[in-house]
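Residue numbers (this note's numbering): 4 to 134.
Below you can see the structure in the form of structure tokens.
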């Protein structure tokens, strides 16, 4: 049996448990392990896109009692009902605008350990601004 890492579906995206995402399908297992072993109290994802990976991360965070926020500039997720079920905070804002930058910096300022996933269009700028 073949197990392609980028098994493209008819709409051009990888699938995992029926959720469409733009990551390698092993990303789910790797991030699940990372979240289980590293004690993050909050995860912030910059770049929601379709939202499949966001939904899966949100479920993992809900199971762990961690907060999950995801940001995108436009509302393109295929899974808004799952976001509600999993308690995902879905922000539609330009993360490089004053409002977006302020909100993310406020979220980072917590006593909890924070994982910041820079997966938007300007990774170098995101890292420079928020790390």
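All residues carry an ideal CB built from backbone N, CA and C; glycine is no exception.
Comparing alpha-carbon positions, which option in the options lies nearest residue i?
| i | options | result |
| --- | --- | --- |
| residue 130 | 107, 113, 96 and 68 | 107 |
| residue 111 | 44, 26 and 37 | 44 |
| residue 57 | 109, 87 and 39 | 87 |
| residue 38 | 55, 23, 20 and 68 | 68 |
| residue 20 | 52, 49 and 82 | 82 |
| residue 118 | 94, 40, 100 and 79 | 40 |
Which residue comes first and which comes last in the beta strand (DSSP E) that contains residue i?
| i | result |
| --- | --- |
| residue 43 | Here residue 43 belongs to no beta strand (DSSP E), and DSSP marks it neither H nor E. |
Go to residue i, then tell me how far its alpha helix (DSSP H) extends in each direction, as first and last residue.
| i | result |
| --- | --- |
| residue 117 | Looking at the DSSP string, residue 117 is not in any alpha helix (DSSP H); the run it does join, the beta strand (DSSP E), is 117–121. |
| residue 28 | Premise fails: residue 28 is in no alpha helix (DSSP H) and is neither H nor E. |
Classify residue i: buried if its beta carbon has 16 or more other beta carbons within 10 angstroms, exposed otherwise.
| i | result |
| --- | --- |
| residue 116 | exposed |
| residue 36 | exposed |
| residue 77 | exposed |
| residue 172 | Any property of residue 172 remains undetermined from this structure, which presents the chain solely from 4 to 134. |
| residue 29 | exposed |
| residue 79 | exposed |
| residue 24 | buried |
On the DSSP bridge assignment, give the partners of residue i in chain order.
| i | result |
| --- | --- |
| residue 93 | 73 |
| residue 23 | 18 |
| residue 49 | 74 and 121 |
Quick check: is the beta carbon of residue i nearer than 8 Å to any beta carbon in chain C?
| i | result |
| --- | --- |
| residue 35 | As a matter of chain content, chain C is missing from the structure shown, which is built from one protein chain. |
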